[in-house]
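Asks: I have a structure I would like to understand better, so I am pasting it below and will then ask my questions one at a time.
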Amino acid sequence: MGQVIGQFQGKQWRQKQIRKITDKVFDHFKNETGRANLTFEDLYIAVLLVYNDINKRLPGPHFDPPSKEQVKTMMLDCDLNLDGELDCEEFVRFIHQLTADTFVIVSQGLIITLAVAPTVALLTKRSTEGIPVVGKVVQKLPNSVYASLVTLAIVLFQQSGQGVE
Numbered sequence: 001m002g003q004v005i006g007q008f009q010g011k012q013w014r015q016k017q018i019r020k021i022t023d024k025v026f027d028h029f030k031n032e033t034g035r036a037n038l039t040f041e042d043l044y045i046a047v048l049l050v051y052n053d054i055n056k057r058l059p060g061p062h063f064d065p066p067s068k069e070q071v072k073t074m075m076l077d078c079d080l081n082l083d084g085e086l087d088c089e090e091f092v093r094f095i096h097q098l099t100a101d102t103f104v105i106v107s108q109g110l111i112i113t114l115a116v117a118p119t120v121a122l123l124t125k126r127s128t129e130g131i132p133v134v135g136k137v138v139q140k141l142p143n144s145v146y147a148s149l150v151t152l153a154i155v156l157f158q159q160s161g162q163g164v165e
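Written out as structure tokens, the structure reads:
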């Protein structure tokens with residue numbers, strides 16, 4: 001179970017997910033337009049695509065994309081060479097800034113899930129007594145093992161339901 005927890009909370013996992021999304025979106029625009037950089041119009045469409053992928057890949061609530069004004073302000077901050085366009089590395093930096101709060105919310109949701117699930121599992125363990133075969137097996141399991149199994153099942157269910165790769 002520690003590996004599952006580490007997968008969601010690890011900085012490398014977040015970096016990998018962001019990089020996967022940004023590379024996919026940047027390559028899409030590079031192939032579509034033939035340009036090596038993103039203009040503001042392309043960038044705003046890219047932000048919408050990135051938020052679409054975030055909402056598909058990450059567990060948690062739906063995240064609304066920022067307004068055009070917010071994107072314009074952030075673009076100016078991330079445009080290091082001041083050419084009015086973002087190259088691939090500037091785009092990755094832009095997306096890191098844009099999604100920082102998103103990952104905090106996702107992490108908090110997972111922490112709550114991982115704290116609440118074992119408690120609920122232990123509170124409901126007694127209710128399994130009336131179920132033939134299953135009740136006897138559940139009652140023989142130590143509380144820590146039962147809570148871990150239920151928590152792992154909930155995390156895996158959330159992961160499969162969100163389509164996380």
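Heads up: the sequence shown begins at 1 in UniProt numbering, then just goes up one per residue.
From the three backbone atoms N, C-alpha and C, an ideal C-beta is built for every residue, glycine too.
1) State the DSSP-derived secondary structure class of residue 217, mapped to helix, strand or coil.
2) Where do the N-terminal and C-terminal ends of the alpha helix (DSSP H) with W69 fall, by residue?
3) CB A121 to CB L82, shorter than 9 Å?
4) Based on DSSP bridge pairs, tell me the residues matched to L38.
5) Ignore the nearest five residues each way along the sequence and tell me which others in D53's own chain have a CB closer than 8 Å to its CB.
6) So, using beta-carbon positions, are F63 and M75 closer together than 9 Å?
7) Go ahead and pull the three-state DSSP assignment for F29.
8) Taking C-alpha atoms, which residue in L43, I131 and A147 lies nearest to Q70?
9) Just the C-alpha distance for Q15 and V50, rounded to the nearest angstrom, thanks.
10) I need the boundaries of the alpha helix (DSSP H) containing V138, first residue and last residue.
Replies: Walking through what the data contain:
1) Past the boundaries of the shown model lies residue 217; the chain is included only from 1 to 165, so the question cannot be answered.
2) The displayed chain sequence assigns Glu, not Trp, to residue 69. Start and end: K68 to C78.
3) no
4) L86
5) I21, K24 and V25
6) no
7) helix
8) L43
9) 14 Å
10) V134 to K140
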